[in-house]
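To start, the structure itself, in structure tokens.
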Amino acid sequence: MSILHEKLDALFKPRSVAVIGASRKPGKIGYTILKNIIDYGFKGKIYPVNPAATEILGHKAYPSVLDIPDEVDMAVIAIPADKVLDVAEQCGKKGVKVLVVITSGFGEVGNKEAEEKLVEIARKYGMRILGPNIFGIAYTPSRLNATFGPPELREGSIAFISQSGALGIALMGWTYMEEIGLSAVVSMGNMADLDVAEVSEYFAEDENTRVITIYLEGLKPGTGKRFIEIMRKVSLKKPVIVIKAGRSKRGAMAVASHTGSLAGADQVYDAAFKQSGVLRAYTVEEMFDWARAFAYQPVPKGERTIIITNGGGVGVLATDAAEEYGVPLLVPSEELKSKLRETMPWFGSPRNPVDLTGQAGVENYVKALEVAYNSDEVDNIIVLYCRTAILDPLELAKAIVEVANKHADKGKPLLAGLVGGRDVYEAIRYLNRNKIPAYPSPERAVSSLATMLRYKRFREKLLKEHESKA
């Protein structure tokens with residue numbers, strides 16, 4: 003285990019957490035963080051620190067971290083900025099491994115001297131710092147929610163790293179509503195010490211994380227080359243999806259005043275992402291669409307894709323999207339077309355897209371999916387559905403899950419696009435709950451598969467480079 007991994011285990015898998023600035027008053031940040039840690043079910047030891055209290059939320063409170071009788075792995079600091087340096091010194095003397103500094107009022111407002119002094123104290127004692135100017139950290143496998151964000155998070159395998167506090171908190175709530183499962187939420191803030199690359203490096207080795215998502219405003223000056231080197235290694239192990247804010251001139255100015263980061267020329271970031279294999283998304287919806295695909299399905303082994311649909315229109319839209327996004331649609335052999343003809347009415351089409359027609363029932367879809375899974379010609383499957391009076395969307399969703407589970411060993415990604423009203427939305431939710439990435443349009447399904455294929459190609463290229471150097 004690397005030294006970084008060992009230190010960050012104290013951040014994601016702490017045995018004990020001290021909340022310095024814990025409060026008895028609802029509405030205070032120190033109250034919300036402590037309550038979230040307790041209510042989310044953290045199994046380690048919890049130590050509120052407040053010199054004016056003897057007990058908070060049923061836990062014995064201590065005047066300072068030095069008064070805690072046991073070891074402390076992680077200290078969450080939520081006190082005024084002018085008191086943070088003294089408390090950091092106490093934490094160092096106590097042997098705390100990592101500081102989660104919630105407090106604002108450092109580099110982002112020009113107070114760089116205090117931020118540098120904070121890092122200096124941490125270095126002296128071998129501590130690492132997350133922050134300052136953050137909303138906290140959550141790691142669902144440890145049942146740890148040390149944030150002042152929403153109390154609930156869905157467990158899953160998507161790690162979300164955010165340089166924005168308000169957006170990060172909002173997306174905690176949004177992902178819960180959208181039933182997107184997270185392994186972690188990490189607020190980065192000013193990145194005085196730990197940065198996006200190091201946290202990603204930890205997740206590359208984390209058994210509970212399959213894909214890493216990042217909201218990034220900018221990197222510290224002089225760290226670009228290191229970012230590319232680390233992220234290339236991370237991308238070799240797991241997909242990384244980034245939204246880079248501050249693309250416009252006005253946006254870059256806003257970034258500078260928000261976290262004190264260097265937004266820089268957008269083309270430079272774009273080039274860095276391409277060199278390191280990072281997948282760049284342009285909207286939150288897009289980032290989590292792609293992440294859901296990686297979280298639920300295997301990385302494609304090949305390129306040849308088949309589309310199965312009950313509507314010619316959505317099939318055409320998916321075909322256009324496939325050409326636009328670079329998803330190769332296979333040309334079925336006569337043998338495959340012959341098998342597909344048996345799954346549809348005589349007026350259906352066994353070409354690709356495979357049009358089962360509006361008369362298709364559950365059985366038609368099941369037969370067509372069986373053919374696709376069992377064919378050596380097919381690497382990837384996109385299944386589309388338009389609401390019809392004769393085919394209940396939830397019944398179809400259940401059948402799709404059953405067929406996909408039966409053929410899970412084939413290693414073929416399956417993505418779905420379903421178009422319709424409220425009952426179709428419920429079918430989409432059912433599919434996503436059962437690890438089939440499903441979207442309310444054909445284009446979003448195709449875009450997600452296209453991103454999986456881009457990642458596959460980059461990883462193959464990296465592996466070849468490694469082999470040629472070996």
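Letter by letter, the sequence shown follows residues 3 to 472 of our numbering.
Quick reminder that beta carbons are idealized off the backbone N, C-alpha and C, glycines included.
None of the values given here were measured: they were computed from a predicted structure.
By the Cβ neighbour-count rule, W348 is exposed, with fewer than 16 other Cβ atoms within 10 Å of its own.
For N382, the enclosing beta strand (DSSP E) begins and ends at N382 to C388. Taken through DSSP and simplified to helix, strand or coil, E337 comes out as helix. For L10 and G112, the gap between their C-alpha atoms comes out near 28 Å. In the structure shown, A370 adopts helical secondary structure according to DSSP, grouped into three states. Three or more Cβ pairs closer than 8 Å define a contact, and the stretch 307 to 319 meets that threshold against the stretch 330 to 343.
By the beta-carbon neighbour count (other beta carbons within 10 angstroms, threshold 16), D291 is buried. Assignment of beta-bridge partners to F275 by DSSP yields no partner. In the structure shown, I39 adopts helical secondary structure according to DSSP, grouped into three states. A straight line joining the alpha-carbon of N376 with that of R389 spans about 27 Å. Sequence-distant Cβ neighbours of F44 in its own chain, meaning closer than 6 Å and more than five residues away, are R145 and L146.
By the beta-carbon neighbour count (other beta carbons within 10 angstroms, threshold 16), D75 is buried.
Counting only runs of 4 or more residues that sit fully inside the stretch 115 to 168, no alpha helix (DSSP H) segment turns up. Taking C-alpha positions only, K37 is separated from M289 by approximately 30 Å. Annotation for S237: the continuous alpha helix (DSSP H) segment containing it runs G226 to K239.
Going by DSSP, I430 is part of the alpha helix (DSSP H) stretching over R424 to R435.
The residue from E118, P65 and L221 with its alpha-carbon nearest to that of L87 is E118.
Under DSSP, A54 shares a beta bridge with no residue.
Annotated three-state conformation of K15 is coil, per DSSP. Look at H409 here: in three-state DSSP terms it is coil, with no helix or strand label. The DSSP-derived three-state label of M454 is helix.
The three-state secondary structure of A63, taken from DSSP, is coil.
Following the DSSP letters along the chain, one finds K414 in no beta strand (DSSP E), marked with neither H nor E. For a cut-off of 8 Å, the C-beta gap from K240 to G413 is around 17 Å, too long to register as a contact. For M190, the three-state secondary structure derived from DSSP is coil.
Scanning N434, L13 and S25 for the CA closest to the CA of E200 turns up L13. For the set L386, G313, A194 and N52, the Cα lying nearest the Cα of I81 is the one of N52.
In summary, M233 is buried, with 16 or more beta-carbon neighbours lying within 10 Å of its beta-carbon over all protein chains present.
Between the stretch 312 to 323 and the stretch 378 to 398 there are three or more C-beta pairs closer than 8 Å, enough to call the two in contact. With respect to the 8 Å criterion, Y217 and L169 are classified as neighbours on the basis of their beta carbons.
When the alpha-carbon of K222 is set against those of V198, E203, P439 and F205, the nearest one is in V198. G29 is not a Cβ neighbour of V21, given a cutoff of 8 Å. In the DSSP assignment, T105 forms no beta bridge with any residue. A24 carries a coil assignment under DSSP once its states are collapsed to helix, strand and coil.
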